[in-house]
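The structure under discussion appears below in the form of structure tokens.
In this note's numbering, the protein residues as written are 19 to 358.
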């Protein structure tokens with residue numbers, strides 16, 4: 019067979035003709051399908067659903083948004099640095115003062131207080147001042163910061179008028195701008211763990227600690243100092259340089275919830291590593307170890323308002339101090355509900 023292409027006569031056979039025609043059909047079909055797919059993707063219900071279900075948790079602001087050209091921006095940035103590198107400024111070798119144990123605020127308020135479900139600062143500016151039952155009084159942001167310094171960092175309070183206090187306040191205000199008190203963002207508060215039917219077990223918790231925690235926090239919970247010896251890369255979980263027994267983490271529920279959502283290192287709320295039971299047990303083990311004591315004689319003037327997992331009496335119920343520390347907490351909770 020003879021065919022003419024661009025004025026040239028080419029001899030071929032029927033098989034070659036069939037191949038040429040087939041290729042032309044395939045190419046045309048792919049072009050059509052590609053155009054159709056492109057149009058479909060623009061309006062795909064599946065893609066629309068994925069867009070609607072994207073992670074919408076509060077994650078604060080990036081510090082690159084802080085303009086340090088102004089005095090206010092410089093103060094906010096200083097506040098951020100104080101949160102992340104507290105020991106550098108206020109620790110035993112601090113350049114400003116020596117009023118804390120060497121831990122950083124960021125050890126409890128992860129990623130500078132911006133990580134979801136990790137004691138972040140999302141609601142601080144919108145909710146304070148507020149009533150705190152432990153103090154039986156209205157507390158402002160300054161008071162809250164000082165409580166962390168005195169309890170979690172086992173240290174001393176800052177003067178409210180100090181540049182350091184004003185800087186941390188400015189940083190929390192900056193992070194909290196636009197957050198509604200009546201409609202808090204998702205991720206602002208750590209989810210509560212369900213109470214177990216049994217008591218948390220420090221012995222079982224020690225095994226959890228050895229598997230998942232001691233590689234960072236040390237076999238004796240002593241933590242790991244950073245290279246300059248000023249603060250901790252991984253904070254101590256007990257002992258004289260850790261949080262004292264007046265800190266929020268000394269309540270088992272608070273500690274277990276944090277561990278469940280944020281530990282070990284790399285854990286996210288989407289992919290928890292520990293089970294609920296493991297979180298309760300390892301919290302029990304850590305809180306069974308020795309740590310500094312805080313005078314709490316001025317706390318809980320109304321003892322009826324003590325949480326079920328507050329580990330120090332007196333109580334209005336007849337449950338033991340050990341049960342208030344380790345559980346089971348459901349019987350205590352149910353007993354209180356009967357009274358109400």
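Even for Gly, the Cβ is constructed at its ideal location relative to N, Cα and C.
With a threshold of 6 angstroms on Cβ separation, who are the neighbours of residue i within its own chain once the five nearest residues in sequence on each side are excluded?
{"i": "residue 125", "result": "253"}
{"i": "residue 75", "result": "134, 204 and 205"}
{"i": "residue 102", "result": "124 and 130"}
{"i": "residue 199", "result": "144 and 145"}
{"i": "residue 285", "result": "291"}
{"i": "residue 136", "result": "128 and 280"}
{"i": "residue 275", "result": "208 and 211"}
{"i": "residue 115", "result": "108"}
{"i": "residue 95", "result": "84 and 86"}
{"i": "residue 303", "result": "220, 223, 224 and 227"}
{"i": "residue 110", "result": "116 and 120"}
Use the C-beta contact count for residue i: other C-beta atoms within 10 angstroms, 16 or more gives buried, fewer gives exposed.
{"i": "residue 18", "result": "Residue 18 lies beyond the stretch modelled for the chain, which goes from 19 to 358, so this question has no answer here."}
{"i": "residue 119", "result": "buried"}
{"i": "residue 278", "result": "buried"}
{"i": "residue 107", "result": "buried"}
{"i": "residue 179", "result": "exposed"}
{"i": "residue 170", "result": "buried"}
{"i": "residue 86", "result": "exposed"}
{"i": "residue 382", "result": "The displayed coordinates of the chain run from 19 to 358. Any statement about residue 382 would go beyond what the structure contains."}
{"i": "residue 272", "result": "buried"}
{"i": "residue 357", "result": "exposed"}
{"i": "residue 226", "result": "buried"}
{"i": "residue 260", "result": "buried"}
{"i": "residue 138", "result": "buried"}
{"i": "residue 417", "result": "Since the displayed the chain opens at 19 and closes at 358, residue 417 lies outside it and no answer follows."}
{"i": "residue 201", "result": "exposed"}
Given a cut-off of 7 angstroms, decide if residue j and residue i are closer than it, judged by their beta-carbon atoms.
{"i": "residue 324", "j": "residue 154", "result": "no"}
{"i": "residue 248", "j": "residue 173", "result": "no"}
{"i": "residue 97", "j": "residue 188", "result": "yes"}
{"i": "residue 245", "j": "residue 182", "result": "no"}
{"i": "residue 234", "j": "residue 283", "result": "yes"}
{"i": "residue 411", "j": "residue 269", "result": "One cannot answer for residue 411 here, as it falls past the ends of the chain, which runs 19 to 358."}
{"i": "residue 329", "j": "residue 342", "result": "yes"}
For residue i, collect the residues of the same chain with a Cβ closer than 7 angstroms to its Cβ; drop the 5 residues on either side in sequence, then sort them by chain order.
{"i": "residue 348", "result": "213 and 215"}
{"i": "residue 164", "result": "175 and 176"}
{"i": "residue 150", "result": "157"}
{"i": "residue 305", "result": "268, 270 and 273"}
{"i": "residue 232", "result": "none"}
{"i": "residue 293", "result": "none"}
{"i": "residue 160", "result": "178, 183 and 187"}
Between which residues of its own chain and residue i is the CB-CB distance below 8 angstroms, once the five residues before and five after are set aside?
{"i": "residue 352", "result": "none"}
{"i": "residue 257", "result": "238, 239, 240, 307, 308 and 309"}
{"i": "residue 346", "result": "213, 214, 215, 216 and 217"}
{"i": "residue 236", "result": "242, 252 and 254"}
{"i": "residue 148", "result": "156 and 157"}
{"i": "residue 113", "result": "106 and 107"}
Any heavy atom of the ligand GTP inside 6 angstroms of the beta-carbon of residue i?
{"i": "residue 146", "result": "Because no ligand of any kind appears in the structure shown, any question about the ligand GTP cannot be addressed here."}
Would you mind listing the alpha helix (DSSP H) stretches within the stretch 287–334 that are 4+ residues and don't spill past its ends, in chain order? Taking only runs of at least 4 residues, the alpha helix (DSSP H) segments lying wholly in the stretch 287–334 are 294–306.
Complete runs of the alpha helix (DSSP H) confined to the stretch 135–211 [at least 4 residues]: Annotation: the stretch 135–211 contains the following complete segments of the alpha helix (DSSP H) (minimum length 4 residues), in chain order: 142–145, 159–168 and 181–194.
Given 8 angstroms as the limit, is there contact between the stretch 127–143 and the stretch 191–204, that is, 3 or more CB pairs closer than that? The stretch 127–143 vs the stretch 191–204: in contact.
So, does the stretch 217–227 touch the stretch 289–307, judging by three or more C-beta pairs under 8 angstroms? They touch, by the three-pair rule.
Complete runs of the beta strand (DSSP E) confined to the stretch 87–139 [at least 3 residues]: DSSP runs (the beta strand (DSSP E)) wholly in the stretch 87–139: none.
So does the stretch 262–276 actually touch the stretch 306–319, counting three or more Cβ pairs closer than 8 angstroms? Because the criterion of three Cβ pairs below 8 angstroms is met, the stretch 262–276 and the stretch 306–319 touch.
Could you pull out every unbroken alpha helix (DSSP H) segment of at least 4 residues lying fully inside the stretch 203–291, listed in chain order? Those alpha helix (DSSP H) runs which fall completely within the stretch 203–291 and span 4+ residues are 220–230, 232–235 and 270–280.
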